[in-house]
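The structure appears below as structure tokens.
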Amino acid sequence: MNDRMPHLWRLAPLVLIAALAVAWQLPEASWLRLAAPDAAVADRMTATLDSIGEEPRVLVGFDPDIGTYAETRPTVRTLLADLLAREARLAFVSLTAEGRALGSAELARFGREEANPTRLLDLGFIPGAEAGLVDLTRGVRLPDEGDGAFAREVNAAGIGAFDAVLVIGGNDLGPRSWIEQVAPRIGEIPFVAVTPTVLLPEVQPYLASGALRAVLGTPRDGAAYRETLDLGNLGRLTDPSEPRPLPLLIGMLVAVAALGQALGARAIGYLRASRSREAG
Amino acid sequence: MTGFFGTSTADLVATWVAAVVTLVVLGALLGERRLFGWTQHLLAGLATGFLALIVLTELIGPRLVQPILADPSSRPELWVGLALVATAAASPWLPRQVSVIPVSIAIGALAAFALGGAVIGTLLPQIDAAIVRPGGSAATTLGGALAVAVTGLVLIGFLHGVPRGRVLSTAAGAGRWLLIGGIGGWLGFLIFSRLILLVDRIAFLLGDWLGLVP
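Written out as structure tokens, the structure reads:
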């Protein structure tokens with residue numbers, strides 16, 4: 001029996017994945033909510049978007065990380081759809097290759113979902129990391145196909161044409177780089193961000209100091225923000241399916257059990273050692 | 281459902297390729313490491329290839345070569361840039377004293393921008409924000425004082441090998457426990473966010489690939 005145990009333990013990840021898959025297929029449980037009960041963070045984002053006026057021009061620094069984009073993707077798509085519902089015009093720019101790849105994919109998705117193309121501008125990839133960001137504050141290079149009214153405004157006023165900056169973080173050049181390189185060089189325009197949880201300690205001080213007006217940095221805050229919106233027809237631009245809380249709960253319980261098992265084994269070992277010392 | 285894939289043949293092929301690669305990566309959990317290693321190489325190769333492609337098509341082509349070809353004499357700085365690109369590309373065959381020039385310029389410029397930005401954009405505003413203002417609420421003041429106390433205790437916890445008395449030892453112990461507590465809380469956050477990534481992959485397999493969910 002004991003000889004089989006190592007082989008059975010090797011199947012544990014498969015069992016976990018199967019359990020998560022089954023849980024994902026189950027109907028939503030009304031007693032489980034992903035959204036944070038305190039919607040203060042979501043309200044702060046909404047209030048900031050409300051404050052930037054009608055038909056705002058928003059510069060979107062799109063540099064998520066391929067590995068963690070799935071965490072922020074539903075919130076990013078909802079936020080972009082929310083901005084479009086506010087008649088915003090969005091100019092996308094990326095400073096990393098991964099950000100450019102994901103930005104291209106999202107713009108292609110906007111095309112498939114028939115988003116208004118006159119409200120979208122693809123500024124492409126800017127090389128040079130921090131130097132590229134500084135270059136962006138001195139002049140915005142337009143793509144060859146950028147000949148609409150929005151493109152002409154950006155061409156005339158450069159980065160001064162924008163009413164707000166939205167940074168989709170996750171990669172090396174996230175909100176911190178934008179705050180350090182762009183914010184001191186341009187006027188007082190609001191910076192908001194969506195980041196994966198791993199960047200939260202990095203962006204929290206900027207939120208506290210007011211350099212960032214609003215940040216959606218955890219899945220629960222993102223879910224709370226998504227819950228507050230009614231995008232109507234533009235709901236087609238959001239993620240097709242919301243993350244389901246039941247598989248997440250099961251995964252958390254398994255993780256806690258695994259950590260608890262390790263701690264329990266150490267505690268038992270410690271007790272046995274102390275007993276044997278007493279007996280000796 | 282990720283929403284990345286449409287209904288065209290190319291999208292269908294992309295979905296299948298993504299599903300197979302996802303299964304190979306998940307197969308590493310069962311001990312299948314060879315295929316997993318190949319997918320890592322595939323990812324590294326694709327990322328490098330994509331970076332090279334966008335640098336060629338969005339930088340070197342339109343912003344360096346094309347302006348030079350259009351009017352070779354009007355932009356002398358571009359010739360310097362072209363020489364640096366050529367030097368970087370030929371670095372394996374050039375003397376070290378020459379090949380380090382473009383790398384040194386790149387590192388020096390990035391370090392200068394990063395340092396200046398860190399001071400102007402982060403350090404000074406954060407120091408300014410940390411100063412307790414007379415008009416602030418009691419809760420803000422208390423929160424700031426608590427943050428200072430925790431930061432101080434954790435910093436003291438890093439004092440190793442320094443002669444210290446009972447008070448300092450107690451403070452260092454408290455600092456280490458606060459650090460462990462912070463790391464524990466952070467681990468919980470990260471487990472939750474990583475679970476979302478795993479569940480998203482399962483949702484992709486069930487929804488985008490197998491079509492089991494509308």
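Order-wise, the sequence lines are chains X and S. All residue numbers for the first sequence refer to my numbering, where the first residue is 1 and numbers rise by one. All residue numbers for the second sequence refer to my numbering, where the first residue is 281 and numbers rise by one. Don't be surprised by glycine CBs; every beta carbon is placed ideally from N, CA and C.
Nearest-angstrom Cα separation, counted from residue j out to residue i
| i | j | result |
| --- | --- | --- |
| glutamate 227 of chain X | glycine 437 of chain S | 42 Å |
| arginine 355 of chain S | threonine 137 of chain X | 21 Å |
| alanine 156 of chain X | leucine 121 of chain X | 15 Å |
| tyrosine 257 of chain X | glycine 432 of chain S | It should be pointed out that residue 257 of chain X corresponds to alanine in this sequence rather than to tyrosine. One C-alpha to the other measures close to 34 Å. |
| aspartate 43 of chain X | leucine 458 of chain S | 31 Å |
| alanine 183 of chain X | proline 405 of chain S | 11 Å |
| leucine 331 of chain S | leucine 439 of chain S | 44 Å |
| alanine 410 of chain S | alanine 324 of chain S | 42 Å |
| leucine 34 of chain X | glutamate 242 of chain X | 10 Å |
| glutamine 346 of chain S | glycine 158 of chain X | 23 Å |
| glycine 99 of chain X | alanine 370 of chain S | 29 Å |
| methionine 1 of chain X | serine 274 of chain X | Summary for methionine 1 of chain X: the model assigns pLDDT 48, below 50, so the residue's position carries little reliability; its value from the coordinates is reported in the next sentence. Distance between the alpha carbons of methionine 1 of chain X and serine 274 of chain X is about 30 Å. |
| phenylalanine 191 of chain X | leucine 477 of chain S | 27 Å |
| threonine 197 of chain X | arginine 220 of chain X | 10 Å |
| proline 342 of chain S | serine 104 of chain X | 19 Å |
| leucine 310 of chain S | glutamate 106 of chain X | 33 Å |
| valine 442 of chain S | isoleucine 460 of chain S | 21 Å |
| alanine 483 of chain S | alanine 223 of chain X | 17 Å |
| arginine 313 of chain S | isoleucine 66 of chain X | 22 Å |
| leucine 261 of chain S | alanine 429 of chain S | The structure shown does not extend to residue 261 of chain S, since chain S spans only 281 to 494, so no value can be given for it. |
| leucine 492 of chain S | valine 22 of chain X | 11 Å |
| arginine 456 of chain S | glycine 128 of chain X | 40 Å |
| proline 352 of chain S | leucine 83 of chain X | 44 Å |
| arginine 376 of chain S | valine 383 of chain S | 11 Å |
| leucine 207 of chain X | arginine 213 of chain X | 6 Å |
| phenylalanine 92 of chain X | valine 194 of chain X | 14 Å |
| tryptophan 318 of chain S | glycine 465 of chain S | 35 Å |
| alanine 151 of chain X | glycine 53 of chain X | 20 Å |
| leucine 470 of chain S | alanine 279 of chain X | 43 Å |
| arginine 86 of chain X | leucine 49 of chain X | 9 Å |
| glycine 264 of chain X | leucine 8 of chain X | 20 Å |
Cβ neighbour criterion (16 or more within 10 Å) applied to residue i
| i | result |
| --- | --- |
| serine 177 of chain X | buried |
| glycine 397 of chain S | buried |
| arginine 73 of chain X | buried |
| serine 94 of chain X | buried |
| glutamate 28 of chain X | exposed |
| isoleucine 268 of chain X | exposed |
| glutamate 71 of chain X | buried |
| isoleucine 504 of chain S | Residue 504 of chain S lies beyond the residue range present for chain S, which begins at 281 and ends at 494; the question has no answer from this structure. |
| proline 64 of chain X | buried |
| glutamine 320 of chain S | exposed |
| glutamine 204 of chain X | exposed |
| asparagine 116 of chain X | exposed |
Whole-Å CB distance - residue i paired with residue j, under 8 Å assumed
| i | j | result |
| --- | --- | --- |
| leucine 90 of chain X | leucine 79 of chain X | In fact, because the Cβ distance is near 10 Å, the residues do not count as touching under 8 Å. |
| isoleucine 179 of chain X | glycine 401 of chain S | 5 Å |
| leucine 123 of chain X | valine 140 of chain X | 6 Å |
| alanine 97 of chain X | leucine 390 of chain S | Not a contact, Cβ separation roughly 16 Å. |
| glycine 329 of chain S | phenylalanine 316 of chain S | So it is not a contact: roughly 20 Å between Cβ atoms. |
| glutamine 25 of chain X | leucine 486 of chain S | 7 Å |
| isoleucine 186 of chain X | leucine 20 of chain X | Incorrect: roughly 45 Å between the Cβ atoms, too far for contact. |
| isoleucine 168 of chain X | valine 76 of chain X | 6 Å |
| leucine 246 of chain X | leucine 32 of chain X | 6 Å |
| leucine 231 of chain X | tyrosine 225 of chain X | The pair is not a contact, with the Cβ atoms about 12 Å apart (cut-off 8 Å). |
| valine 154 of chain X | isoleucine 189 of chain X | Between isoleucine 189 of chain X and valine 154 of chain X the Cβ distance is about 14 Å, and since that is not below 8 Å, they are no contact. |
Residue-level contact to chain B via CB, residue i, 9 Å cutoff
| i | result |
| --- | --- |
| glycine 317 of chain S | Annotation note: the requested chain B is absent from the structure, which comprises protein chains X and S. |
Strand pairing of residue i, partner residues [DSSP]
| i | result |
| --- | --- |
| serine 94 of chain X | X:Phe125 |
| phenylalanine 168 of chain X | A small fix is needed here, since residue 168 of chain X is isoleucine in this sequence, not phenylalanine. Paired residues: X:Phe62, X:Val194. |
| leucine 216 of chain X | X:Val194 |
| leucine 83 of chain X | Paired residue(s): none; leucine 83 of chain X is not in a bridge. |
| arginine 57 of chain X | X:Arg89 |
| leucine 309 of chain S | Per DSSP, none; premise fails for leucine 309 of chain S. |
| leucine 8 of chain X | Answer is none; leucine 8 of chain X lacks a bridge partner. |
| leucine 120 of chain X | X:Leu90 |
Going along the chain, which residues of the region 239 to 257 of chain X sit with their C-beta nearer than 8 Å to a C-beta in chain S? Cβ proximity to chain S below 8 Å picks out Asp239, Pro240, Ser241, Pro243, Arg244, Pro247, Leu248, Gly251, Met252, Ala255 from the region 239 to 257 of chain X.
Tell me which residues of the region 383 to 399 of chain S have at least one Cβ-Cβ distance to chain X shorter than 7 Å, keeping chain order. Under the 7 Å Cβ criterion, the region 383 to 399 of chain S contributes Ala389, Leu390, Phe393, Ala394, Gly397, Ala398.
Taking a Cβ distance cut-off of 8 Å, strictly less, list which residues of the region 9 to 36 of chain X are near chain S, in chain order. Against chain S - using a Cβ distance shorter than 8 Å - the residues of the region 9 to 36 of chain X are Arg10, Leu11, Pro13, Leu14, Ile17, Leu20, Ala21, Trp24, Gln25.
Report the residues of the region 461 to 480 of chain S with a CB closer than 8 Å to any CB of chain X, ordered along the chain. If the cut-off is 8 Å between Cβ atoms, the region 461 to 480 of chain S has Trp466, Phe469, Leu470, Ile471, Phe472, Ser473, Leu475, Ile476, Leu477, Leu478, Val479, Asp480 near chain X.
Against chain S: residues of the region 111 to 135 of chain X by CB proximity under 7 Å: Legend: CB atoms of the region 111 to 135 of chain X lying less than 7 Å from CB atoms of chain S belong to residues Arg112, Gly124, Phe125, Pro127, Ala129, Glu130, Ala131, Val134.
Going along the chain, which residues of the region 438 to 453 of chain S sit with their C-beta nearer than 9 Å to a C-beta in chain X? Answer in chain order: no residues at all.
May I ask you to list, following chain order, the residues of the region 193 to 206 of chain X that have a beta carbon less than 7 Å from some beta carbon of chain S? Cβ contacts with chain S come from Pro196, Thr197, Val198, Pro205.
At a CB distance below 8 Å, what residues from the region 319 to 341 of chain S approach chain X? Give them in sequence order. Those residues of the region 319 to 341 of chain S that come within reach of chain X (Cβ to Cβ, closer than 8 Å) are Ala327, Phe330, Leu331, Ile334, Val335, Glu338, Leu339.
Beta carbons nearer than 8 Å to chain S: which residues of the region 167 to 195 of chain X have them? Close to chain S, meaning a Cβ-Cβ distance shorter than 8 Å, are the following residues of the region 167 to 195 of chain X: Arg176, Ser177, Ile179, Glu180, Gln181, Ala183, Pro184.
What residues in the region 345 to 365 of chain S have a beta carbon less than 8 Å from any beta carbon of chain X? Residues passing the 8 Å Cβ filter: none.
Taking a Cβ distance cut-off of 7 Å, strictly less, list which residues of the region 425 to 438 of chain S are near chain X, in chain order. Those residues of the region 425 to 438 of chain S placed with their C-beta closer than 7 Å to a C-beta in chain X do not exist.
When you check each C-beta in the region 62 to 91 of chain X against every C-beta of chain S, which residues fall closer than 8 Å? Cβ contacts with chain S come from Gly67, Thr68, Ala70, Glu71, Arg73, Arg77.
Which residues, in order along the region 214 to 235 of chain X, keep a beta-carbon less than 9 Å from a beta-carbon of chain S? Result list: Thr218, Pro219, Arg220.
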